[in-house]
Amino acid sequence: MSVETRTAPAGGAEAAQQQEQQSLSTAAARNLATTTKSEPQMQGISSRWLTRMLPWVNVPGATYRVNRRLSYTLGDGRVSFVKTGEKVQVVPAELGELPSLRGFTDDDALGALAEKFVQKEYEPGQVIVQAGRKADHVYLVAHGKVEKIIEGPYGDEAVVGLLADGDAFGGQLLAEPGKKWEFTARTVTATTILALPLTAYKTIAERHDGLRAHVHMISSNGHQKMNRSGEAEIALSSGHVGEATLSQTFADYELAPREYELSVAQTVLRVHSRVADLYNEPMNQTQQQLRLTIEALRERQEYELVNNKDFGMLNNADFDQRISTVSGPPSPDDLDELLSMRRKTRCFLAHPKAIAAFGRECNKRGIYFGGVELHGNNLPAWRGVPLLPCGKIPISEQGTSSIIAMRTGEDDQGVIGLYQTGIPDEVEPGLNVRFMGIDEKAIISYLVSNYYSAAVLVPDALGVLENVQVTRTNGN
């Protein structure tokens, strides 16, 4: 008698594999099926709120001239510094930003002045200058924050301004010595100051006749009548009776108005003719390549509208329209201050992290900052002004950013976008695609160009809240 023995499979999975297939697999079936495809997706596309909010003005001559009433230089400018270890020095050419030195270009004299600045360190809460005391220094804020304080109507302190990195005060003393401080300057944070004694300035001026003559000329012109915006005054008569002699006047214009030329962002799109000829179902390859390229150009356009050194919002804002946050994070008080600097603010533009930081500050105060509907979107808002996200606004290595506020439109003397329509081979307003030919490798080339710029019609149309801390602190 014999016993038949069989070896069992090692496992259930191996046994399943040994079973014979009884139907068509899905992998094989896909060979006979048409897949459903999406258009090529692009993560770099943003909401581009700045581009959408700007009223766009056609510029047939490719240049837009902003004619304004004649304005006189007011207030201090902003200067730059060089830091070597612990030592901070002002860039000599930047001293031309001081009101009494505006337009002065003698490098030797400016270099001699720069060497006379003395570096001083202040702790938070220290007084730099005291109201009512003799003003005998020019001060530059190299780093930190300084409050300008006057006595309020009821004997209390009133903060009338905040100075931050690059700001200056006392610059008018070069042309008008012998004055007294009209405010008290007190540090909010640890602050580095560069101070120029007037005695040192006088020593330099004695050796440089051009410097002395320039400051004297500025002083002579500084007595022109002007309105609170710094524009040449238009003399008017009011409240008179009888046959009073009326004022005679005219509205003077700037002799050298600013002109904005259209900027351009370009690229050469290359598509192989075999791809363009054969692989167009279900989507046209050339059209998809152009669509993605145009999206990238539009993103670059908005980046330039924010950051361009010539016409970008961050660099085009007037120094008088820049303020700094009081404590670091953007607070309701900071945005109220920014709103109060202009009429009819149309929108705020801020990095999404800055909007989140503002939300945290509102939560700490128990404030709900509300929202508005704009172009079919529900957006956060403050005082009815939408807070629009703009990832093109940079965040520094120290975790600070900026918030932009602007009034828009020609009718409101605001900020406008510039482009030219009707250009050859135009596919979108201000953007064209021009055929460049086919090379010996059968590659088709298209020149894709986007023409644009932006103009600020009057200085108070655009304001910037600077030094906005967007990082979380231990207590927040």
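Each position in the sequence shown, counted from 1, maps to that position plus 852 in our numbering. Think of the CB as a built atom: it goes at the ideal place given N, C-alpha and C, for glycine as much as any other residue.
If you ignore the 5 residues before and after I980, its C-beta comes within less than 6 Å of the C-beta of A1037, all in its own chain and listed in chain order.
Annotation: the continuous beta strand (DSSP E) that includes G1289 extends over L1283 to I1290.
DSSP places M1165 in the uninterrupted alpha helix (DSSP H) bounded by M1165 to N1168. Within the region 951-1033, the complete alpha helix (DSSP H) segments of 4 residues or longer fall at 959-967, listed in chain order. Residue pairing from DSSP places V934 in a beta bridge opposite Q941.
Secondary structure of I1268 (DSSP, three-state): strand. The beta carbon of F1021 sits closer than 7 Å to those of D928, Y991, L1015 and A1037, all from its chain and outside the five residues before and after it, given in chain order.
Membership of L1240 in any alpha helix (DSSP H) is not indicated; the residue belongs instead to the beta strand (DSSP E) covering V1237 to P1241. The C-alpha of G1023 is placed about 14 Å away from the C-alpha of K986.
For A1307, the enclosing beta strand (DSSP E) covers residues I1295 to V1308.
Here the alpha carbon of S1297 sits roughly 13 Å from the alpha carbon of V1127. A1169 sits close to L1314, with the two beta carbons spaced by under 7 Å.
Minimum Cα-Cα distance from P1109 among the listed residues V1308, N1302, E967 and A1208 corresponds to V1308. The C-beta distance from P1238 to E1213 rounds to 18 Å, too long to meet the 8 Å contact threshold. Contact annotation: Q1153 and N1302 have beta-carbon atoms nearer than 7 Å. By the criterion of a C-beta distance shorter than 7 Å, L1299 is surrounded in its chain by Q1118, V1120, R1286 and M1288, once the five residues flanking it on both sides are discounted. The Cβ atoms of I1245 and V1320 do not sit closer than 7 Å to each other.
In this structure the region 1001-1017 does not touch the region 1062-1071; the number of beta carbon pairs closer than 8 Å is below three. Residue environment for T1044: buried (at least 16 other C-beta atoms within 10 angstroms of its C-beta). Here the C-alpha atom of R930 lies approximately 19 Å from the C-alpha atom of M1193.
Sequence-distant partners of Q1141 (beyond 5 residues in either direction) whose C-beta falls short of 8 Å from its own C-beta, in its chain, are L1121 and V1123.
The beta carbons of A1027 and V970 sit no closer together than 7 Å. Exclusion of the five residues before and after G984 leaves K1032 and W1033 as the residues of its chain whose Cβ lies within less than 7 Å of its Cβ. Taking C-beta atoms as the reference points, V1322 and G1251 count as a pair closer than 7 Å. Counting along the chain, no beta strand (DSSP E) covers R1152; the unbroken alpha helix (DSSP H) around it starts and ends at Q1137 to N1159. F1200: member of the beta strand (DSSP E) spanning C1199 to A1202, first to last residue. In terms of CA proximity to V1178, E1189 leads the group E1189, M1069 and E975. For the pair L902 and L1201, the CB atoms are nearer than the 7 Å cut-off.
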